[in-house]
Amino acid sequence: MSRFQQWAFIVKEALDKSFLVAKFFCAVHVTSTYLCSTALVYGPSMLPTFNLSGEIVLLESISTRYGKVDSGDVVIVRSPENPRKVITKRIIGMEGDSITYVVDPINSDRTETLVVPKGHIWVEGDNIYSSNDSRNFGPVPYGLLQGKVFWKIWPAGAFGSIGRRPQTVDPALKVVEELKNS
Amino acid sequence: MSRTKAIPGPQPSTNTAPRPSHDRLLRREPNGYCFIVTLICQFDTNMGTPNFLWNVCKSSFTFGLIGLTISDRIASIVPVRGFSMSPTFNPYNSRPLGLFNDDHVLVEKHCLKDYKFSHGDVVVFCSPSCYKEKHIKRITAMPGDWISVPYSYDAVKIPEGHCWVEGDNPTNSLDSRSFGPIPLGLIRGRVTHILWPPQRVGKIDRKQLPGGGLGF
Chain A
1 MSRFQQWAFI VKEALDKSFL VAKFFCAVHV TSTYLCSTAL VYGPSMLPTF
51 NLSGEIVLLE SISTRYGKVD SGDVVIVRSP ENPRKVITKR IIGMEGDSIT
101 YVVDPINSDR TETLVVPKGH IWVEGDNIYS SNDSRNFGPV PYGLLQGKVF
151 WKIWPAGAFG SIGRRPQTVD PALKVVEELK NS
Chain B
1 MSRTKAIPGP QPSTNTAPRP SHDRLLRREP NGYCFIVTLI CQFDTNMGTP
51 NFLWNVCKSS FTFGLIGLTI SDRIASIVPV RGFSMSPTFN PYNSRPLGLF
101 NDDHVLVEKH CLKDYKFSHG DVVVFCSPSC YKEKHIKRIT AMPGDWISVP
151 YSYDAVKIPE GHCWVEGDNP TNSLDSRSFG PIPLGLIRGR VTHILWPPQR
201 VGKIDRKQLP GGGLGF
């Protein structure tokens with residue numbers, strides 16, 4: 001084969017391989033944006049559902065795209081305070097629901113009630129003593145939802161589905177927050 | 001004068017061996033019709049109809065994936081409906097042309113990596129009251145700016161992570177003056193160029209419009 005033919009063969013092989021890589025990248029992007037993805041959840045605001053140091057969870061975007069989420073679901077939303085951050089919280093109320101929440105559980109028992117406006121949701125962390133959520137930044141527009149968490153995959157001891165919201169928040173968690181601050 | 005006499009005997013026959021039917025077609029009608037028929041017969045025996053359908057499905061699936069990724073990550077083309085952004089898009093004096101009456105614009109998605117926007121950007125965002133609808137407006141104030149609310153003596157400070165959007169045509173525009181500042185996370189892209197109609201093809205200016213908010 002002449003040199004030109006050899007060179008043309010190599011270029012064709014390189015183009016085929018890079019097209020294959022591009023196809024793979026597109027498939028990964030479409031799957032993680034529209035179907036299913038993973039995320040690392042860490043921080044104290046969702047104790048005891050998720051632990052402090054971090055857990056890897058599976059999230060799916062099909063329910064959020066068709067509006068099939070409801071109160072009690074754990075969701076991942078883009079933070080209204082910083083669009084580069086995503087946060088994990090539990091939905092407490094959908095649009096039209098009347099929410100009663102404790103404004104500042106560490107210092108007082110004062111509660112407030114409001115109705116969630118149209119197109120918004122109210123999210124709170126399971127650990128209300130140490131959570132920056134709708135009690136601070138107000139109801140979240142539905143368009144900020146990224147996905148619904150439905151399974152935990154790491155660490156292996158935590159493998160399983162997500163539980164319901166804990167009924168009574170343990171006062172021991174308040175001690176955890178004070179130890180962190182001291 | 002010599003005369004040739006027909007010699008009786010076995011005449012040489014024109015068809016010595018049985019030929020397949022398409023050859024006889026070729027001989028009797030040598031034109032484009034039989035050429036196409038031959039091609040189709042070969043096509044059918046070489047690839048088969050189910051293989052062809054499968055290949056078509058695979059190619060369209062691949063192109064669908066690639067097109068979806070490009071429109072999510074790089075840029076997409078969107079029609080502009082309504083007159084809330086006149087005269088930038090759909091100016092009132094445009095001649096109605098039926099289906100292609102609307103302006104079509106290029107929306108780039110590279111800005112969604114860092115959410116870095118500035119005053120005067122025209123953006124596409126999900127409506128805060130109905131997440132399925134998308135609106136196109138211009139950003140007139142960024143976080144930390146003060147906006148004077150019309151018809152009242154209040155001044156509103158734009159909270160962190162939010163922005164104030166307004167249409168270029170304030171009399172006919174549903175924007176932040178009705179639903180307040182919107183979180184930057186609702187933005188789905190930034191408009192950079194007009195692609196249709198041809199007489200107005202070009203880059204969008206990032207001009208500041210008088211009226212509306214006072215940036216302090």
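Top line first, the protein sequences correspond to chains A and B.
Here the first sequence is numbered in my numbering, starting from 1 and rising by one per residue.
Here the second sequence is numbered in my numbering, starting from 1 and rising by one per residue.
Each residue gets a CB set at the ideal place from its N, CA and C atoms; glycine is no exception.
Whole-Å CB distance - residue i paired with residue j, under 8 Å assumed
| i | j | result |
| --- | --- | --- |
| glycine 119(A) | serine 129(B) | 4 Å |
| isoleucine 76(A) | glycine 93(A) | Not really, about 18 Å apart at Cβ, beyond 8 Å. |
| leucine 59(A) | lysine 148(A) | 6 Å |
| lysine 89(A) | valine 123(A) | 4 Å |
| glycine 185(B) | isoleucine 194(B) | Going by Cβ atoms, the distance from glycine 185(B) to isoleucine 194(B) rounds to 26 Å, so no, they are not a contact pair. |
| proline 183(B) | proline 83(A) | 7 Å |
| arginine 78(A) | glutamine 5(A) | Arginine 78(A) to glutamine 5(A), Cβ: 53 Å. No contact. |
| glycine 163(A) | threonine 38(A) | That belief does not hold up - the Cβ atoms of glycine 163(A) and threonine 38(A) are roughly 20 Å apart, past 8 Å. |
| asparagine 136(A) | serine 45(A) | The pair is not a contact, with the Cβ atoms about 11 Å apart (cut-off 8 Å). |
| threonine 192(B) | leucine 106(B) | 6 Å |
| valine 123(B) | isoleucine 139(B) | 6 Å |
| serine 60(B) | serine 173(B) | Actually they are not in contact, since the Cβ atoms of serine 60(B) and serine 173(B) sit about 40 Å apart, beyond 8 Å. |
The alpha helix (DSSP H) enclosing residue i, as first and last residue numbers
| i | result |
| --- | --- |
| proline 50(B) | 49-73 |
| phenylalanine 4(A) | 3-34 |
| arginine 269(A) | Summary: the structure shown does not reach residue 269(A), with chain A confined to residues 1 through 182, and so no result is reported for it. |
| arginine 206(B) | No alpha helix (DSSP H) holds arginine 206(B); DSSP gives it neither H nor E. |
| phenylalanine 50(A) | Looking at the DSSP string, phenylalanine 50(A) is not in any alpha helix (DSSP H), and its letter there is neither H nor E. |
| phenylalanine 179(B) | 176-179 |
Nearest-angstrom Cα separation, counted from residue j out to residue i
| i | j | result |
| --- | --- | --- |
| glycine 167(B) | serine 86(B) | 8 Å |
| glutamate 104(B) | cysteine 126(B) | The amino acid occupying residue 104(B) in the given sequence is histidine; glutamate does not appear at that position. Whole-angstrom Cα-Cα distance: 18 Å. |
| glutamate 108(B) | glutamate 13(A) | 32 Å |
| serine 108(A) | aspartate 70(A) | 29 Å |
| serine 134(A) | leucine 114(A) | 12 Å |
| glycine 143(A) | methionine 142(B) | 20 Å |
| valine 111(A) | tyrosine 101(A) | In the sequence on display, residue 111(A) carries threonine and not valine. So the two alpha carbons sit approximately 5 Å from each other. |
| lysine 113(B) | glycine 161(B) | 15 Å |
| glutamate 96(A) | valine 74(A) | According to the sequence as given, residue 96(A) is glycine; it is not glutamate. Their Cα atoms are separated by approximately 19 Å. |
| valine 56(B) | phenylalanine 63(B) | 11 Å |
| leucine 47(A) | asparagine 127(A) | 5 Å |
| serine 61(A) | serine 32(A) | 8 Å |
| cysteine 111(B) | aspartate 121(B) | 11 Å |
| glycine 144(B) | arginine 190(B) | 21 Å |
| tyrosine 92(B) | histidine 119(B) | 25 Å |
| lysine 23(A) | alanine 158(A) | 34 Å |
is_contact[residue i, chain A] using C-beta, thresh 8 Å
| i | result |
| --- | --- |
| glycine 185(B) | yes |
| aspartate 121(B) | no |
| cysteine 111(B) | no |
| aspartate 114(B) | yes |
| isoleucine 204(B) | no |
| glycine 189(B) | no |
| leucine 174(B) | no |
| cysteine 57(B) | no |
| serine 76(B) | no |
| glutamate 108(B) | no |
| proline 20(B) | Any reading at proline 20(B) is ruled out, since the residue's pLDDT is 49, under 50, leaving its predicted position unreliable. |
| tyrosine 151(B) | no |
Proximity test, Cβ basis, 8 Å: residue i and chain B
| i | result |
| --- | --- |
| aspartate 97(A) | no |
| alanine 39(A) | no |
| serine 2(A) | no |
| arginine 135(A) | no |
| threonine 33(A) | yes |
| lysine 118(A) | yes |
Status (buried if at least 16 other CB within 10 Å, exposed otherwise) for residue i
| i | result |
| --- | --- |
| lysine 192(A) | No answer is possible for residue 192(A): it lies beyond the span of chain A, which begins at 1 and ends at 182. |
| alanine 8(A) | exposed |
| tryptophan 154(A) | exposed |
| arginine 188(B) | buried |
| serine 176(B) | buried |
| valine 140(A) | buried |
| glutamate 133(B) | exposed |
| lysine 205(B) | According to the sequence provided, residue 205(B) is aspartate. The question's lysine does not apply to it. Exposed, since its Cβ has fewer than 16 Cβ neighbours within 10 Å. |
| aspartate 154(B) | exposed |
| aspartate 23(B) | Confidence at aspartate 23(B) is low in this model, with a pLDDT of 49, below 50, so the placement of that residue should be treated as unreliable; the coordinate-derived value is given next. Under this definition aspartate 23(B) is an exposed residue. |
| glycine 160(A) | exposed |
| glycine 67(B) | exposed |
| glutamate 29(B) | Only weak support is given to the placement of glutamate 29(B): the predicted model assigns it a pLDDT of 49, under 50, and the value that follows is read from those uncertain coordinates. Glutamate 29(B) is exposed by the Cβ-count criterion. |
Boundaries (first-last residue) of the beta strand (DSSP E) holding residue i
| i | result |
| --- | --- |
| serine 148(B) | 146-148 |
| arginine 188(B) | 187-196 |
| threonine 140(B) | 134-141 |
| threonine 64(A) | Here threonine 64(A) belongs to no beta strand (DSSP E); instead the alpha helix (DSSP H) covers 62-65. |
| arginine 78(A) | 74-78 |
| threonine 130(B) | First, the residue type needs correcting, since residue 130(B) is cysteine and not threonine in the sequence shown. Neither: cysteine 130(B) is in no beta strand (DSSP E) and is coded neither H nor E. |
| cysteine 226(B) | What the structure shows of chain B is the stretch from 1 to 216, and residue 226(B) is not part of that stretch, so it cannot be assessed. |
| arginine 90(A) | 86-93 |
| histidine 119(B) | It is not in any beta strand (DSSP E) - histidine 119(B) carries neither H nor E in the DSSP assignment. |
| histidine 104(B) | 103-108 |
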